[in-house]
Ligand SMILES: Nc1ncnc2c1ncn2[C@@H]1O[C@H](COP(=O)(O)OP(=O)(O)OP(=O)(O)O)[C@@H](O)[C@H]1O
Ligand SMILES: [Mg+2]
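Residue numbers (our numbering), protein chains in the order written: chain A, 1 to 333; chain B, 1 to 313.
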């Protein structure tokens, strides 16, 4: 395997829900690469399919949803074709996941130690109880939980939100995964704790060399954490670039809109670009470009065909027929 | 945990006191005078008065209650009007069989109900789920006595597979086990449905919870996800709901014992009431009420054992 080959490659992924109005796609033809040892940020408003995308990778889409098409290649191996047993070994083994709600993502009736050792035992049947306990305490130490020996026997309700998210991370990293999927890991936490958790993730990435998919609707988090970025809108990726490139020259009007909602201290017209309206639900998508009803640059052609994700610069893709446009110039006018 | 147990125990004391008070007052409102009954039909008024004084019936009510409690503490609940046997002696002989019957009934019905409910929840919407739901609704609406009579008629009488005429021996003998099967099927049978339905609802609730998704993301097997992260959490509401059915269990025991001539407290109670044996009836009511309190206490403790959030509160 070549070293610069991506760890995870998602091709044409489509995740659908069967409903009374027929199949609706929450994720609709997504292609993505996750480079080794780096962080891919996925950003987009609520409801644009970020969680469904990550759950599809884990094959944990809740019924009646299912992955209808595509490939999820982890080091060349298609996870969607694995047997249920083999997929279980991947979950928590090579690919681990943490979630948005640290308050409810841990089981309230088992101690945190038991929940961590359980994850370890699922992937290492031979280890003894004492060994697992030591390793779990080690894992708690790795996520900088103070006095891990006594925390081991605590129950989730005895810990703060930040501590619980640390436990979640410890549990996810218990078997040294190559890929960590973090679905809005800090959204439910207050700002200071949020910064601590992000720092921790970065440190752990440096230590272990794992890749991270970081899902968020906060471009500030992306700026801080991501090496590469994918912007999602209504089930599709509308722009892909390195983080530096994306912030320097955003191409898709939606990205511009998202950037506009970041407070800018150097300008006093910070909300100028904030996007009107909301993400359309998958069963009520507009014809043509899915963003055109909300797009300030939409022209007649935007209502007809869905634009494909195409290169606009080196390593920079955007799905907009108006890109690259001198959008900022237009706005200034 | 220990503090919780002590707390619960302390709360049970006033309830027990209330039960005793009601049991005592019950005796005051019955139209029969115990002294007259005790003295017999040929007794002179002098003799009745003497017995009345002897029983303390001429004293004020609160003194009588005090006396009644004092005697109770010494294990004296009076004697049967019918056969002059001490009430406590009869109760002592019948509590065992009643406990046997209850344990034997719950021993199979609760695990079966929980298993059926879990299966129905996991495969919700499937044919299996619908079959279980239909079965439990039907089972839940059969009256205890009817189920008992059907079992007696077919299994006991027509096919002669099992005895149905009361307790046939201690439980550690084969005869004893055979004898308890039909009564335990009867009393437990009406429990399977409610327990299954409660479990189905509770497990469905839990299976949608975030922590179950976490459990799957860890790579656990479905079986472990469902038992350790689904059912284990669902047991908390299930135990609470089972606790609410205790009255139903005691009532069912009375009916089952009567239908099967099972020599327990329930049958004793029915017999005592039908023959106006008031001291005996009072004794059985106290025992059944105490049973209610004790089972409730156990449920409370079990609840705390299952839920660390209560244990540490
Ligand atoms: N059970 C379901 N049935 C039908 N549609 C669903 C179901 N679950 C999710 N969806 C659809 O999938 C779409 C994507 O949801 P998803 O949770 O992936 O969004 P998200 O980008 O993660 O949003 P958020 O930021 O709120 O987490 C939603 O618009 C929703 O309508
Ligand atoms: Mg989400």
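Glycine included, each C-beta is placed from N, C-alpha and C at the ideal position. Small disclaimer: the values here were computed from a predicted structure and weren't measured.
Since residue i is in the alpha helix (DSSP H), which residue starts that stretch and which ends it?
| i | result |
| --- | --- |
| residue 147 (chain A) | That residue, residue 147 (chain A), is in no alpha helix (DSSP H); it is neither H nor E in DSSP. |
| residue 22 (chain A) | Here residue 22 (chain A) belongs to no alpha helix (DSSP H); instead the beta strand (DSSP E) covers 22-34. |
| residue 50 (chain A) | 50-58 |
| residue 271 (chain B) | 265-274 |
| residue 241 (chain B) | 232-244 |
| residue 34 (chain B) | 34-39 |
| residue 117 (chain A) | 112-121 |
| residue 311 (chain A) | Segment 310-313 is the beta strand (DSSP E) holding residue 311 (chain A); no alpha helix (DSSP H) there. |
| residue 42 (chain B) | No alpha helix (DSSP H) contains residue 42 (chain B), which DSSP labels as neither H nor E. |
Quick one: give me the first and last residue of the beta strand (DSSP E) that residue i is part of.
| i | result |
| --- | --- |
| residue 211 (chain A) | 211-216 |
| residue 211 (chain B) | Segment 210-217 is the alpha helix (DSSP H) holding residue 211 (chain B); no beta strand (DSSP E) there. |
| residue 97 (chain B) | Element bounds for residue 97 (chain B): not the beta strand (DSSP E) but the alpha helix (DSSP H), 87-122. |
| residue 66 (chain A) | 65-74 |
| residue 182 (chain A) | 179-183 |
| residue 239 (chain A) | 236-242 |
| residue 179 (chain B) | Counting along the chain, residue 179 (chain B) falls outside any beta strand (DSSP E), though it belongs to the alpha helix (DSSP H) covering 174-207. |
| residue 13 (chain A) | 8-19 |
| residue 154 (chain B) | Note, residue 154 (chain B): premise wrong, no beta strand (DSSP E); not H, not E. |
| residue 68 (chain B) | Note, residue 68 (chain B): premise wrong, no beta strand (DSSP E); alpha helix (DSSP H) at 61-73. |
| residue 295 (chain B) | Here residue 295 (chain B) belongs to no beta strand (DSSP E); instead the alpha helix (DSSP H) covers 278-306. |
| residue 232 (chain A) | 228-233 |
| residue 318 (chain A) | 316-318 |
| residue 42 (chain A) | 39-43 |
| residue 97 (chain A) | 95-98 |
What does a CB cutoff of less than 7 Å around residue i pick up in its chain, not counting 5 residues either side in sequence?
| i | result |
| --- | --- |
| residue 162 (chain B) | 155, 156, 178, 181, 182 |
| residue 314 (chain B) | Since the displayed chain B opens at 1 and closes at 313, residue 314 (chain B) lies outside it and no answer follows. |
| residue 49 (chain A) | 26, 27, 232, 235 |
| residue 154 (chain A) | 111, 112 |
| residue 24 (chain B) | 65, 68 |
| residue 265 (chain A) | Low local confidence applies: a pLDDT of 46 at residue 265 (chain A) is under 50, so the model's placement there is unreliable, with the coordinate-based value given in what follows. Within the same chain, residue 265 (chain A) has no close Cβ partners at all. |
| residue 52 (chain B) | 35, 58 |
Just to confirm my understanding: we take residue i, look at its own chain, exclude 5 residues before and 5 after, and list those with CB closer than 6 Å. What are they?
| i | result |
| --- | --- |
| residue 112 (chain B) | 192 |
| residue 295 (chain A) | 253 |
| residue 320 (chain A) | 252, 307 |
| residue 51 (chain A) | 183 |
| residue 141 (chain A) | 148 |
| residue 169 (chain B) | 175, 176 |
| residue 77 (chain B) | 87, 88, 283 |
Look at residue i and residue j and say whether their C-beta atoms are less than 8 Å apart.
| i | j | result |
| --- | --- | --- |
| residue 213 (chain A) | residue 98 (chain A) | no |
| residue 250 (chain B) | residue 291 (chain B) | yes |
| residue 230 (chain A) | residue 240 (chain A) | yes |
| residue 294 (chain B) | residue 91 (chain B) | no |
| residue 368 (chain A) | residue 95 (chain A) | Residue 368 (chain A) cannot be examined here, being either before or after the span of chain A that is shown, 1 to 333. |
| residue 80 (chain B) | residue 279 (chain B) | yes |
| residue 139 (chain A) | residue 106 (chain A) | no |
| residue 221 (chain A) | residue 46 (chain A) | no |
| residue 19 (chain A) | residue 297 (chain A) | no |
| residue 195 (chain B) | residue 118 (chain B) | no |
| residue 191 (chain A) | residue 32 (chain A) | no |
| residue 10 (chain A) | residue 57 (chain A) | yes |
| residue 169 (chain A) | residue 193 (chain A) | no |
| residue 163 (chain A) | residue 137 (chain A) | no |
| residue 185 (chain B) | residue 12 (chain B) | no |
Tell me which same chain residues have a C-beta within less than 8 Å of the C-beta of residue i, skipping the five on either side of it?
| i | result |
| --- | --- |
| residue 311 (chain A) | 317 |
| residue 301 (chain B) | 4, 5, 8 |
| residue 15 (chain B) | 293 |
| residue 159 (chain A) | 112, 151, 167 |
| residue 224 (chain A) | 198 |
| residue 40 (chain A) | 32, 33, 34, 211, 212, 213, 214, 226, 227, 228, 229, 230 |
| residue 277 (chain B) | 80, 81, 82, 271 |
| residue 212 (chain B) | 206, 225, 229, 230 |
Near-chain B residues of the segment 56-78 of chain A - C-beta to any C-beta below 9 Å: Of all residues in the segment 56-78 of chain A, 58, 60, 62 have a Cβ within less than 9 Å of some Cβ in chain B.
Any 3 or more C-beta pairs closer than 8 Å across the segment 201-214 of chain B and the segment 229-247 of chain B: Because the criterion of three Cβ pairs below 8 Å is met, the segment 201-214 of chain B and the segment 229-247 of chain B touch.
Segment contact, 8 Å Cβ cut-off, at least three pairs: the segment 112-122 of chain A with the segment 69-82 of chain A: Two segments are said to touch when three or more pairs of C-beta atoms, one from each, lie closer than 8 Å; by this definition the segment 112-122 of chain A does not touch the segment 69-82 of chain A.
Segment contact, 8 Å Cβ cut-off, at least three pairs: the segment 240-253 of chain A with the segment 11-25 of chain A: With a cut-off of 8 Å on Cβ pairs, the segment 240-253 of chain A is not in contact with the segment 11-25 of chain A, counting fewer than three such pairs.
Within 9 Å of chain B by C-beta, residues of the segment 150-184 of chain A in sequence order: Residues 155, 156, 157, 158, 168, 171, 172, 174, 175, 181.
Under 9 Å (Cβ pairs) to chain A, residues found in the segment 205-226 of chain B: Here the close residues are 208, 209, 210, 211, 212, 213, 214, 215, 216, 217, 218, 219, 220, 221, 222, 224.
Residues from the segment 230-255 of chain B in contact with chain A, defined by Cβ distance under 7 Å: Against chain A - using a Cβ distance shorter than 7 Å - the residues of the segment 230-255 of chain B are 232, 233.
Positions along the segment 68-99 of chain B whose CB lies within less than 9 Å of some CB in chain A: Answer in chain order: no residues at all.
The segment 142-151 of chain B in contact with the segment 251-258 of chain B per 3-pair CB rule at 8 Å: Because the criterion of three Cβ pairs below 8 Å is met, the segment 142-151 of chain B and the segment 251-258 of chain B touch.
Residues of the segment 79-92 of chain A whose Cβ lies closer than 7 Å to any Cβ of chain B, in chain order: Taking 7 Å as the Cβ-Cβ cut-off, the segment 79-92 of chain A approaches chain B at 88, 89, 91, 92, given in chain order.
Contact residues within the segment 285-310 of chain B, judged by C-beta distance below 8 Å to chain A: The residues in question are 306, 307, 308, 309.
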